[in-house]
């Protein structure tokens, strides 16, 4: 099987998050989870000072672009290229050119996920340490090493609800 690489899709300015959501929705609908692994809008935390008030703001590092970690084939090319808001891939003509490992690393995206070691596995009970689900306790249903996330089942309003959180946000109980 071919190796997934990071590609850059050009979008209409301001449509980056809509494009990301549309691609992720199409990937789920067409069951391409194993071919299009991740879609990102690179963000950078900056501090803005307005009227003497300092506040932290996330800004897009590359306005008008979306990064996609995928295995390039006719299906994945078609899905991305025909997503509303995408004008094309970065590369000569219609042929996408993958980012080099150095370029990916410079953007702060980890490329080597093979050496990630965690002390939990499917079926373990974990506590969420941060984020929207902080202090919730749940059982790991699945793990996605490429995205560095786990899907845990937490009780919400008396029902078991699946929730996706990053490896860094959970701790084995």
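Numbering (the working numbering), first residue to last: 54 to 226. Think of the CB as a built atom: it goes at the ideal place given N, C-alpha and C, for glycine as much as any other residue.
Short Cβ contact (8 Å threshold) for residue i with residue j
| i | j | result |
| --- | --- | --- |
| residue 114 | residue 97 | yes |
| residue 70 | residue 106 | no |
| residue 189 | residue 175 | no |
| residue 92 | residue 78 | no |
| residue 60 | residue 155 | no |
| residue 112 | residue 100 | no |
| residue 89 | residue 129 | yes |
| residue 58 | residue 151 | yes |
Cβ-based burial, residue i [other Cβ within 10 Å; buried from 16]
| i | result |
| --- | --- |
| residue 192 | exposed |
| residue 62 | buried |
| residue 142 | buried |
| residue 181 | buried |
| residue 226 | exposed |
| residue 145 | exposed |
| residue 203 | buried |
| residue 116 | exposed |
| residue 138 | buried |
| residue 110 | exposed |
| residue 215 | exposed |
| residue 80 | buried |
Limits of the alpha helix (DSSP H) - the one that residue i falls within
| i | result |
| --- | --- |
| residue 49 | Absent from the model: residue 49. The displayed extent of the chain is 54 to 226, so no value can be given. |
| residue 76 | 69-83 |
First and last residue of the uninterrupted beta strand (DSSP E) at residue i
| i | result |
| --- | --- |
| residue 155 | Here residue 155 belongs to no beta strand (DSSP E); instead the alpha helix (DSSP H) covers 154-159. |
| residue 123 | 118-123 |
| residue 110 | 106-113 |
| residue 209 | 202-209 |
| residue 219 | 212-219 |
| residue 61 | 58-64 |
| residue 89 | 89-93 |
| residue 98 | 96-103 |
| residue 191 | 190-197 |
Closer than 7 Å: residue i CB and nearest the ligand PLP heavy atom
| i | result |
| --- | --- |
| residue 66 | In terms of ligand content, the structure shown is empty, and the ligand PLP therefore cannot be addressed. |
Below-8 Å beta-carbon distance, residue i vs any chain D residue
| i | result |
| --- | --- |
| residue 115 | Absent from the structure: chain D. Only one protein chain is present. |
Meets three-Cβ-pair contact criterion under 8 Å: the segment 152-164 and the segment 73-86: no
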